[in-house]
Amino acid sequence: MIYQRPSVQHLKSEGLSHSDRLLETKAAYWEPRIKTYGFQKITDLCLVEVSGPLSAMSDLGLCLFRLGEEGIGFHLAFSWASTSEFELSLLVSGLAEKAVADRLNSLIPVEVLMRRVSPAELVFFQGPHFGDRYGIFHAAAKALSDRGLTMLAFTCSGSCIYVVLPKGKSGEAVLALTDAFDIPVRRISRHQNTG
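So for the sequence shown, our numbering puts the first residue at 2; every next one is plus one.
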């Protein structure tokens with residue numbers, strides 16, 4: 002942990018009256034090779050990207066609800082919004098691609114755009130110190146970039162990092178990540194419990 006106290010003059014210039022009693026805390030975690038519990042991959046997927054005005058979100062929500070009623074789920078869903086539009090990415094199985102595209106095309110307004118990237122693959126992983134998942138992602142992105150691998154999309158959730166890749170690249174990505182990260186080996190006891 003790194004503890005740093007801002008200068009009293011800086012704090013007073015910010016209008017903080019009790020500046021002599023304030024302490025700023027910054028935390029940093031570092032290890033020579035980041036630990037992970039291993040890498041999982043899923044192939045035969047389709048990335049569907051949907052964007053449009055915020056006013057169309059309720060129609061999109063209805064569309065997603067209907068897909069759920071039909072038993073069509075997502076391997077991954079993530080979105081971001083601005084003040085004027087939204088963007089939603091869905092990672093679906095290749096088998097569900099046509100049904101998802103048909104449903105989205107039939108229910109969402111014309112001003113909503115849809116783009117399909119098919120086929121795609123997913124690599125995801127987590128580790129014991131992934132509270133700093135953005136720093137962890139940076140290490141993963143560097144490992145992939147160093148091998149010339151391009152990501153279609155990525156997101157972080159909780160202690161997991163998800164990387165969407167073009168078809169046929171998940172195996173190469175796992176190899177690149179395995180070289181950059183440490184996967185602790187589970188040790189099996191030589192003494193078995195015979196009781």
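Beta carbons are placed, not taken as given, at the ideal position from N, Cα and C, and that holds for glycine.
The model shown is predicted, which means the values in this text are computed figures rather than measured ones.
Expected contact under 8 Å - CB spacing of residue i and residue j to nearest Å
i	j	result
S80	L92	Actually they are not in contact, since the Cβ atoms of S80 and L92 sit about 12 Å apart, beyond 8 Å.
T37	F126	5 Å
T44	E112	With a Cβ gap of about 33 Å, T44 and E112 do not count as contacting.
V186	L105	Actually they do not touch by this definition, with Cβ atoms about 44 Å apart.
Reference residue i, options the options, closest by Cα
i	options	result
S85	F75, V175, P129, G53	G53
V165	R67, L145, G136, L96	L145
A102	V186, L48, C157	L48
L150	G39, G72, K170	K170
M58	I109, P167, M152	I109
Length of the line joining the Cα atoms of residue i and residue j
i	j	result
V1	V124	A question about residue 1 goes unanswered here, because the residues of the chain that appear run from 2 up to 196.
L46	P33	34 Å
G62	A100	16 Å
P129	A141	15 Å
V118	D183	31 Å
Y135	C157	8 Å
For residue i, three-class secondary structure by DSSP
i	result
P7	Residue placement at P7 cannot be trusted, given a pLDDT of 48 that sits under 50; the coordinates are not used to answer.
V113	coil
E88	strand
S83	coil
I162	strand
F138	helix
E122	strand
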